[in-house]
Amino acid sequence: MADITVTMNGKQVGGPAGITILELAKQNGIDIPTLCYLEGLPPTGSCRVCVVEVEGSRTLVASCHTPISAGMIIQTHSPKVLEARRVIVELLLASHCGTCYMCEKANICELREVAVDLDVGVPRFPIRRRFYPIEDESPYITRDLSKCILCRKCIRACNEVAKKHVYAMGYRGFDSKVVVDFDEVLNKEVCRDCGICIPYCPTGALSNPQKSRKDKKGPPLVIKG
Amino acid sequence: MTNKTTTLSKNQKLILTLLQEAQQKTGFISEEAMVGIAESLGISRSDVYGVATFYSFLSVQPQGRNVIRICKSLPCHLKNGQEIIESLEKQLGVKPGETTPDGKFSFTLTNCIGECDQAPAMLINDDVHGNLTPDKIARILKTYK
Amino acid sequence: MPEKRIVLKNCGVIDPRRIDTYLQQDGFKAWQKASAMTPEQVIAEVKASNLRGRGGAGFPCGLKWEGARNAPGAEKFVICNADEGEVGTFKDRYILQNDPFSLIEGLAIASHAVGARQAYIYLRGEYRFLLSQLRGAIRQAKEKGFLPHVDIEVREGSGAYICGEEMALMESIEGKRGEIRYKPPFPTTQGLWQMPTVINNVETLMNVAPIILNGAAWFNQIGTERSKGTKVLSVSGDVAKPGVYEIVLGTTLKELIVDLAGAKNIKLVQIGGATGRIVSASMLDTPLAFETMLSAGAITVFDETRDVIDIVHRTMEFLAEESCGKCSPCREGCGIIVNILERFIKGTATPKDITTLEQLSSAMMLTSLCGLGQAAPNSVVDSLKYFRSAYEERMKKVEVVAR
């Protein structure tokens with residue numbers, strides 16, 4: 127298909143019709159943060175961290191699900207974009223159980239990495255947590271939904287990659303929750319011998335049970351800027 | 278780009294309809310009903326539960342024989358809605374979200390029901406009752422069994 | 014006279030349970046005329062009428078129909094959005110209660126124009142008491158042979174405000190959770206089950222038969238330059254005569270709420286319900302039109318005794334409960350605004366809270382997935398603009414103690 131030319135951060139770049147702004151940015155070495163995006167699977171557009179500025183658009187647009195169109199003028203890191211991303215990450219942190227030093231995945235946490243990149247500290251907002259008991263009955267997965275940011279990657283990984291359909295979204299609004307069966311504890315009865323979802327989780331909501339000390343140590347956290 | 282939000286296939290359009298039927302028939306959606314829906318449509322229990330818990334008129338908990346939904350939104354609030362809610366609370370003897378001990382009424386607060394020209398208003402099951410006063414509520418409650 | 018009945022002309026005139034009373038009022042004459050026209054001719058007429066969507070967004074109706082007609086697809090659908098959930102709106106309920114036949118005639122014409130063999134009416138669960146009358150009206154229209162080309166099915170909602178948003182509404186008809194899908198693709202190309210779909214508000218479809226019968230030129234004589242026709246508005250709150258009013262577009266807010274509905278001592282008016290705008294009493298001369306201020310038609314009046322913060326707080330509580338929860342700004346943001354407003358109610362707020370409200374509102378408007386999240390902070394933004402002192406008065410009093 128014919129290439130479409132757009133202006134991204136002041137530079138003319140082109141890509142095939144149908145690709146998203148996010149994919150085009152990636153091809154051109156521009157790093158747009160994401161939390162719910164899963165390469166190769168249809169986007170959900172739920173986290174909104176990947177928003178960019180497109181000239182003529184009333185709102186910012188999510189780059190993960192917006193296809194490029196001819197003549198688009200895109201800013202991926204304008205002050206307006208960065209401030210909006212900061213607010214979103216702070217909102218997620220305001221309801222995310224914040225005990226990083228006690229978290230299995232602290233060093234490989236994508237939420238933490240995005241927050242650090244955006245220079246986000248303590249949220250400016252009142253803290254509103256969702257409290258759920260830790261589910262550690264399964265020998266394959268430990269689930270701590272108080273850390274979940276509702277990105278739905280585990281649901282998509284389970285449905286599309288593992289083809290198991292264990293998870294679904296339940297409830298509504300702030301009370302939304304990734305449910306198993308009729309909102310039951312994740313145990314070995316409903317989910318067996320898999321654990322495919324664990325690496326997809328951007329936080330410590332899903333982790334491997336009984337990790338050895340060596341596994342606990344992920345790659346070091348890189349602090350930019 | 279296709280806009281696939283879930284992997285549910287087309288015959289699964291019946292989930293919501295079947296849940297609504299179950300709700301109408303027994304006043305709530307039991308686990309057995311959800312298992313039946315999941316098996317007949319070939320979808321996971323989680324997906325059925327996810328739909329059932331999204332809609333506020335569907336309930337996965339047993340309800341009273343009659344469900345009272347009294348409006349708490351602004352147009353009703355302006356017409357002494359709070360007083361009416363408190364009066365209903367007193368007459369039923371239960372708080373919002375609860376069911377009377379005799380199982381006759383479940384009582385919940387709800388968002389705008391589109392009867393603002395006769396505020397304050399409430400729904401009992403599918404029936405609309407508007408221009409409520411404490412006396413009127415007493416009379417209305419008597420007509421339900 | 015600002016009042017004019019086009020949409021409501023049969024309300025109170027016909028018996029909504031008997032199609033013969035509708036036929037006596039020129040019922041289905043427009044359908045007979047339209048069925049003799051090609052779909053393209055029908056679309057051209059509606060385009061020429063400049064009819065804009067009455068659900069709030071004001072998108073040109075003819076363009077929507079044309080988009081779906083021209084989009085490739087094995088099947089096409091027309092949906093009537095009767096999920097009127099906006100706080101303070103009841104005009105569609107009034108229409109469905111009093112004249113279901115005009116709506117069915119509009120749907121029949123729309124389906125002919127778009128090429129849909131299946132149409133849906135999505136009725137909110139709160140209006141379940143209208144279900145049997147509506148189904149009865151469809152059955153009678155079918156028996157009389159007015160629906161040879163299309164099946165009209167009524168689907169019920171089950172208590173979810175968000176399903177009034179077209180993307181969530183389609184998810185709900187598909188049997189799923191009423192969560193938002195992103196755009197593009199738009200419904201006209203990939204809507205219900207990925208097929209080209211037109212979604213029209215009840216009131217939009219009510220305008221179709223009169224336009225076909227009387228012609229686009231007639232419709233263009235009514236209203237302002239960019240807003241043709243009338244608008245049905247639901248007036249509630251502190252007014253002597255709450256109810257449904259049909260006014261010519263361009264009528265001022267004052268003519269509606271003071272002259273017609275009898276409002277006195279107005280402090281503010283909320284136009285468009287929970288996601289609508291707040292205007293102060295000084296803005297009553299604003300004409301109601303798409304180019305100025307309109308929404309789907311909820312007009313709630315508040316008099317001088319009312320507390321602005323309480324109004325905004327209740328509005329945000331509503332939105333926090335009704336957010337679908339899919340995107341993070343709306344799911345998390347609505348509740349946080351409620352929490353911050355509680356500080357003003359308790360008297361513990363600081364100047365920083367106003368800044369936070371402004372920053373959060375701005376980000377939600379810019380980044381939310383759908384119109385609900387993008388419009389959710391409207392009441393906060395407008396009240397800060399017109400009633401800022403109400404916030405400042407409620408901040409924490411810093412006591413200076415003399416030593």
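Chains as they are written, first to last, in the working numbering: chain F, 127 to 351; chain U, 278 to 422; chain Z, 14 to 416.
For glycine and all other residues, C-beta sits at the position ideal for the given N, C-alpha and C.
Residue i in three-state terms, based on DSSP
i, result
"Z/Arg31", "coil"
"Z/Ala121", "helix"
"F/Gln138", "strand"
"U/His406", "strand"
"U/Gln338", "coil"
"F/Cys284", "helix"
"U/Gly370", "coil"
"U/Cys348", "strand"
"F/Cys235", "coil"
"F/Gly296", "strand"
"Z/Gly114", "A small correction: the amino acid at residue 114 of chain Z is Phe; Gly does not occupy that position in the sequence shown. Reduced to three states, the DSSP call for Z/Phe114 is helix."
"F/Val248", "coil"
"U/Asn343", "strand"
"F/Asp307", "coil"
"F/Gly159", "A small correction: the amino acid at residue 159 of chain F is Pro; Gly does not occupy that position in the sequence shown. Coil, per DSSP."
"F/Cys261", "Reading the sequence as shown, one finds Glu at residue 261 of chain F and not Cys. It is a strand residue."
"Z/Val394", "helix"
"Z/Asp320", "coil"
"F/Val178", "strand"
"U/Lys281", "Confidence at U/Lys281 is low in this model, with a pLDDT of 40, below 50, so the placement of that residue should be treated as unreliable; the coordinate-derived value is given next. It is coil, neither helix nor strand."
"F/Thr225", "coil"
"Z/Met408", "strand"
"U/Glu375", "strand"
"Z/Ala302", "strand"
Rounded Cβ spacing between residue i and residue j (contact assumed at less than 8 Å)
i, j, result
"F/Ile145", "F/Pro193", "7 Å"
"Z/Ala453", "Z/Ala294", "In the structure as shown, chain Z starts at 14 and stops at 416, and residue 453 of chain Z therefore has no counterpart that could be examined."
"Z/Thr369", "Z/Ile353", "6 Å"
"Z/Pro15", "Z/Ile260", "5 Å"
"Z/Ile270", "Z/Ile324", "Between Z/Ile324 and Z/Ile270 the Cβ distance is about 16 Å, and since that is not below 8 Å, they are no contact."
"Z/Leu160", "Z/Ala121", "6 Å"
"F/Leu332", "F/Ile267", "6 Å"
"U/Phe305", "U/Ser350", "With 8 Å as the limit, U/Phe305 and U/Ser350 do not qualify as a contact, their Cβ atoms being about 25 Å apart."
"Z/Val127", "Z/Ala81", "5 Å"
"Z/Val245", "Z/Val282", "About 17 Å; that fails the 8 Å criterion."
Residue i: contacting residues in chain Z (beta-carbon distance under 7 Å)
i, result
"U/Phe334", "Gly138, Ser171 and Gly172"
"F/Thr202", "Chain Z residues near F/Thr202: none, gap ~14 Å exceeds 7 Å."
Proximal chain Z residues relative to residue i, where beta-carbon distance stays under 8 Å
i, result
"F/Ile214", "Ser341, Pro342, Ala376 and Thr380"
Option in the options with minimal Cα separation from residue i
i, options, result
"F/Pro325", "F/Lys290, F/Val139, F/Glu236 and F/Ser221", "F/Glu236"
"F/His191", "Z/Ile175, Z/Pro198 and Z/Val55", "Z/Pro198"
"Z/Lys410", "Z/Ala57, Z/Glu317, Z/Pro364 and Z/Thr380", "Z/Pro364"
"Z/Cys379", "F/Pro142, F/Thr185 and F/Thr133", "Cys is not the amino acid found at residue 379 of chain Z; the sequence shown has Leu there. Cα-wise, what sits closest to Z/Leu379 is F/Thr185."
"F/Ser272", "F/Lys279, F/Pro265, F/Arg282 and F/Glu261", "F/Glu261"
"Z/Ala57", "Z/Gly75, Z/Arg18 and Z/Phe41", "Z/Gly75"
"Z/Leu297", "Z/Ala309, Z/Gly263, Z/His326 and Z/Glu330", "Z/Gly263"
"Z/Arg419", "Z/Pro300, Z/Gln207 and Z/Gln203", "It is not possible to answer for residue 419 of chain Z, since the shown part of chain Z is limited to 14 through 416."
"F/Pro259", "F/Val207, F/Cys274, F/Gln201 and F/Asp319", "F/Cys274"
"F/Ala210", "Z/Pro342, Z/Gly66 and Z/Glu166", "Z/Pro342"
"F/Asp243", "F/Ala220, F/Glu216, F/Thr131 and F/Pro252", "F/Glu216"
"F/Thr329", "F/Gly166, F/Val287, F/Gly224 and F/Ser264", "F/Gly224"
"Z/Thr210", "Z/Arg31, Z/Gly242 and Z/Arg130", "Z/Arg130"
"Z/Asn233", "Z/Thr34, Z/Lys42 and Z/Ser62", "Z/Ser62"
Neighbour list for residue i in chain U, Cβ cutoff strictly below 8 Å
i, result
"F/Val306", "Ser323"
"Z/Thr202", "Under the 8 Å cutoff, chain U gives no residues; its nearest Cβ is about 10 Å from Z/Thr202."
"Z/Ile177", "Checking the sequence shown, residue 177 of chain Z turns out to be Gly, not Ile. None at all; the shortest Cβ gap to chain U is about 11 Å."
Contacts that residue i makes with chain F (C-beta to C-beta distance below 8 Å)
i, result
"U/Glu308", "Phe308"
Closer than 9 Å at the beta carbon, the chain Z residues around residue i
i, result
"F/Val177", "Leu379 and Thr380"
"U/Asp404", "Phe142"
"F/Gly171", "Ile193, Arg194, Tyr195, Lys339, Cys340 and Leu382"
Listed by chain order, chain U residues near residue i by CB distance under 7 Å
i, result
"Z/Asp251", "Leu355"
"Z/Pro255", "Cys393 and Asp394"
7 Å Cβ cut-off: residues of chain F touching residue i
i, result
"U/Met311", "Phe308"
4-residue-minimum alpha helix (DSSP H) runs that sit fully inside the stretch 165-243 of chain Z, ordered along the chain:
179-186, 200-203, 215-219, 221-227 and 229-233
Ignoring anything shorter than 3 residues, give me the beta strand (DSSP E) runs that lie fully in the stretch 322-366 of chain Z, in order along the chain.
none
What are the uninterrupted segments assigned as beta strand (DSSP E) that are 3 or more residues long and contained completely in the stretch 249-297 of chain Z, given in chain order?
256-261, 279-284 and 290-293
Just list the beta strand (DSSP E) runs in the stretch 55-142 of chain Z, keeping only unbroken ones of 3 residues or longer that don't cross its boundaries, in chain order.
Fully enclosed beta strand (DSSP E) runs of 3 or longer: 90-95 and 131-136.
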